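Below is one structure; the comments refer to it alone.
2 protein chains.
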Amino acid sequence: MQIDLHQPILDKNDKLAAELRARFDEHHVYVVDLLASPGSGKTSTILATIDALRDEFNIAVIEGDIASSVDAEKIKAQGIPAVQINTGGACHLESAMLKRAVDVLDLERLDLIIIENVGNLVCPTDFYLGENAKVMILSVPEGHDKPLKYPGVFQASQAVILNKYDTLPVFDFDEEAFRSAVYQLNPQAPIFPVAATKGEGVQAWAEWLAARIRAV
Amino acid sequence: MQIDLHQPILDKNDKLAAELRARFDEHHVYVVDLLASPGSGKTSTILATIDALRDEFNIAVIEGDIASSVDAEKIKAQGIPAVQINTGGACHLESAMLKRAVDVLDLERLDLIIIENVGNLVCPTDFYLGENAKVMILSVPEGHDKPLKYPGVFQASQAVILNKYDTLPVFDFDEEAFRSAVYQLNPQAPIFPVAATKGEGVQAWAEWLAARIRAV
């Protein structure tokens, strides 16, 4: 006999995620779940996004990592509430983990929660956390062929941030091939070229996000 | 009631992996399981390794990907046998998948099998495939803090390849902090700085590997 626990686990996760979403909606908090490989620049992108949006919106960050709290420390250093979730080995966040982090945030005074998922282009894709949108980051050094190899995350994302765009001259990255491959998988998703550590290109991405925060 | 299927799945995987390992040993084939993030340069490193070792050893490559066969095509273009495993969504290789690939290889005439695992710093760490060694690649653009965030893969690896080493001037990568963090987790593992696409630094890594191939 084979027991398939994948579907029951997802069902349980999705039920709790729907409850979280109801809480977010009730408090008019927009939630974005950020997916990317290790080292693609999730935290730098979040810091740049905070810079662009903090005058208009109250922001909190939930940091998912296997171990360590280095990312949450970087966010807190900017005066932004940050909750670190250590998954203790798990390769993605689930809504039960997220709930514990959300419970310590003051939703009443927040406009935006950015979730930094575990660095992983595969597993987080399947897990709904009650977010309004999943957004992914690919960084130029990772290569233009990633949509062919990890199609699921490109299909699940409402927008694609192409980070470390300033290193384009250093790498053999075919931007046209990349854009075409993303379009095949997800024709609606805009692609935002960004150099997060330099703040370049952040404006277009921040405006896309701001329009959605204002609408909830 | 909670059913923990993690351990039974690992037990079943390990049993089959041990059978594979017996076959590898019988035929004096050395097997290395290569772990890394998406886009860290696994395939380029494999191509550079093939270049360095093909005069002395007969090599085959097993490519693990969620989807696509672009990597296997690149290997085959070099005249090296390559078998593509598409995991169909799974975030790591398991020994049952590997067995199907090994079954189509002629072990009698091989000295080395390189397994390119799915791009993922988390999940493949737990799965023994019958390999002689797991080796990991971290690329400079991913950042020196990765040992803190993904300690498991650094502990499971017998050697660490630091790829895209030629891009060190472009990124804020603290090599001393990286080496120190790796040493804390795994004092035995050598670190090989490599620029795979340029063939730089490959010799030291190739010699480490060659010594192990000759010993089986």
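Going line by line, the protein sequences match chains A and B.
Sequential numbering from 695 applies to the first sequence in the numbering used here.
Sequential numbering from 695 applies to the second sequence in the numbering used here.
Ideal placement from N, C-alpha and C gives every residue a C-beta, glycine not left out.
Just so you know, these numbers come straight off a predicted model, no measurement behind them.
Bridge-paired residues (DSSP) for residue i
{"i": "A776 (chain B)", "result": "B:V755"}
{"i": "L728 (chain A)", "result": "A:E810, A:V829"}
Where residue i falls: helix, strand or coil (DSSP)
{"i": "V723 (chain B)", "result": "coil"}
{"i": "S762 (chain B)", "result": "coil"}
{"i": "V796 (chain A)", "result": "helix"}
{"i": "E901 (chain B)", "result": "helix"}
{"i": "A784 (chain A)", "result": "coil"}
{"i": "M695 (chain B)", "result": "With a pLDDT of 44 at M695 (chain B), under the threshold of 50, the predicted position of this residue should be treated as unreliable, though the coordinate-derived value follows. Of the three classes helix, strand and coil, the one that applies to M695 (chain B) here is coil, per DSSP."}
{"i": "A746 (chain A)", "result": "helix"}
{"i": "A716 (chain A)", "result": "helix"}
{"i": "A771 (chain A)", "result": "coil"}
{"i": "L734 (chain B)", "result": "Per the sequence presented here, residue 734 (chain B) reads as Ser, with Leu not at that position. In the structure shown, S734 (chain B) sits in coil (DSSP, three-state: anything other than H, G, I, E or B)."}
{"i": "L804 (chain A)", "result": "coil"}
{"i": "N707 (chain A)", "result": "helix"}
Residues of its chain near residue i, where Cβ-Cβ distance is below 6 Å and the 5 sequence neighbours each way are ignored
{"i": "Q778 (chain A)", "result": "E757, S763, A766"}
{"i": "P818 (chain B)", "result": "L729, H786, N811"}
{"i": "T891 (chain A)", "result": "S738"}
{"i": "D805 (chain A)", "result": "F751, N752, I907"}
{"i": "A871 (chain B)", "result": "H838"}
{"i": "L799 (chain A)", "result": "A754"}
{"i": "L862 (chain B)", "result": "V834"}
{"i": "G893 (chain A)", "result": "A742"}
{"i": "L801 (chain B)", "result": "H721, V723"}
{"i": "V910 (chain B)", "result": "H722, Y724"}
{"i": "R803 (chain A)", "result": "N752"}
{"i": "N826 (chain B)", "result": "Y724, V725"}
{"i": "L815 (chain B)", "result": "S731, Y844, V847"}
Own chain residues within Cβ distance below 7 Å of residue i, not counting five before or after
{"i": "M695 (chain A)", "result": "Confidence is the limiting factor: at M695 (chain A) the pLDDT is only 43, short of 50, which leaves the residue's position unreliable, though a coordinate-based value still follows. Here the set comprises nothing."}
{"i": "D708 (chain B)", "result": "Y822"}
{"i": "E788 (chain B)", "result": "N707, F821"}
{"i": "K828 (chain B)", "result": "D727, L729, A850, S851, Q852"}
{"i": "R715 (chain B)", "result": "G824"}
{"i": "A790 (chain A)", "result": "L710"}
{"i": "A898 (chain A)", "result": "F886"}
{"i": "I744 (chain B)", "result": "I753, Q772, I774"}
{"i": "A900 (chain B)", "result": "T743, A746, L747"}
{"i": "F867 (chain B)", "result": "V834, G837, H838"}
{"i": "K793 (chain A)", "result": "L710, L714"}
Amino acids of chain C, ordered along the chain, whose beta-carbon sits closer than 9 Å to that of residue i
{"i": "G824 (chain A)", "result": "The question asks about chain C, but that chain is absent: this structure's protein chains are A and B."}
Cβ shell of residue i (< 8 Å), same chain only, five flanking positions each side left out
{"i": "W902 (chain B)", "result": "A853, P884, F886"}
{"i": "G733 (chain B)", "result": "G813, S833"}
{"i": "P702 (chain A)", "result": "none"}
{"i": "L672 (chain A)", "result": "Here chain A has residues from 695 to 910 only, and residue 672 (chain A) is not among them."}
{"i": "Y859 (chain A)", "result": "V834, P887, V888, A889, E894, G895"}
{"i": "D719 (chain A)", "result": "V910"}
{"i": "E836 (chain B)", "result": "S731, S734"}
{"i": "N780 (chain A)", "result": "D759, I760, A761, S762, S763"}
{"i": "I740 (chain B)", "result": "L728, V755, I769, I808, E810"}
Inset, instruction - Please name the residues in the region 889 to 910 of chain A whose beta-carbon is closer than 9 Å to at least one beta-carbon of chain B, in chain order. - result: T891
Inset, instruction - Mind listing, in chain order, the continuous beta strand (DSSP E) runs of no fewer than 3 residues lying wholly within the region 811 to 897 of chain A? - result: 827 to 833, 853 to 857, 885 to 887
Inset, instruction - Pull out every residue of the region 831 to 864 of chain A whose Cβ sits closer than 9 Å to any Cβ of chain B, in chain order. - result: L832, S833, V834, P835, E836, G837, D839, K840, L842, K843, Y844, P845, G846, K858, D860, T861, V864
Inset, instruction - Please list the residues of the region 751 to 780 of chain B that have a C-beta atom closer than 7 Å to any C-beta atom in chain A, keeping them in chain order. - result: D759, I760, A761, S762, V764
Legend entry - Near-chain A residues of the region 726 to 750 of chain B - C-beta to any C-beta below 7 Å: S731, P732, G733
Inset, instruction - Could you list the residues in the region 792 to 817 of chain A with a C-beta less than 9 Å from some C-beta on chain B, going in chain order? - result: V812, G813, N814, L815, V816, C817
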